[in-house]
Amino acid sequence: MESTTYALPATPKQIAYARSLALRNQTLLPWEVQQDRRSLSAWIDAQAKMNPGTQDSRPTSKQVAFAERLARIKRRAVPDECFRDKGLMSKWIDGNK
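Right under this line is the structure:
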């Protein structure tokens, strides 16, 4: 008699949570991982431990473009530290509108 193990499919709640984590961490949710409950659970555990705050500290490309446009109009330079921190860039833009 042959013993065959079948992988259980992922639940809709698991898939929904995994998609929200993928969005938060700006990563791709692989199709193969979505097919098996255990592999999806392992993927969720790994993604839940990630800290997205470190990725979001740099200013967006729209912020940089707007700040550079303001700097040209005002004939001044954007400080270098503003290119490393989103909050500083936002304050510089607000102060130079």
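The numbering used here puts the first residue of the sequence shown at 5, with every later residue one more than the last. We treat Cβ as the ideally placed atom computed from N, Cα and C, and that holds for glycine. Since we're looking at a predicted model, the values are computed, not measured.
Practice problem: Indicate the three-state DSSP secondary structure (helix, strand or coil) for D84 in the structure shown. | Solution: Taking the first residue of the sequence shown as 1, we reach residue 84 at position 80. D84 falls in the helix class under three-state DSSP.
Practice problem: Less than 8 Å between the CB atoms is what I'm expecting for A14 and R41, so what's the real figure, rounded? | Solution: Counted from its first residue, the sequence shown places residue 14 at position 10. Counted from its first residue, the sequence shown places residue 41 at position 37. Confirmed, about 5 Å.
Quiz item: Candidates I48, Y10 and L32: which alpha carbon is nearest Q18's?
Solution: As a first step, residue 18 must be located in the sequence shown, where it is residue number 14. The option with the nearest alpha carbon to Q18 is I48.
Quiz item: Does the distance from the CB of Q51 to the CB of L25 come in under 7 Å?
Solution: By 1-based counting over the sequence shown, the position of residue 51 is 47. By 1-based counting over the sequence shown, the position of residue 25 is 21. In this structure, Q51 sits near L25, with a CB-CB distance shorter than 7 Å.
Practice problem: Answer yes or no: do S45 and V37 have a C-beta to C-beta separation smaller than 7 Å? | Solution: Along the sequence shown, read from residue 1 onward, the residue named residue 45 stands at position 41. Along the sequence shown, read from residue 1 onward, the residue named residue 37 stands at position 33. It is not a contact, given that the beta carbons lie outside the stated cut-off.
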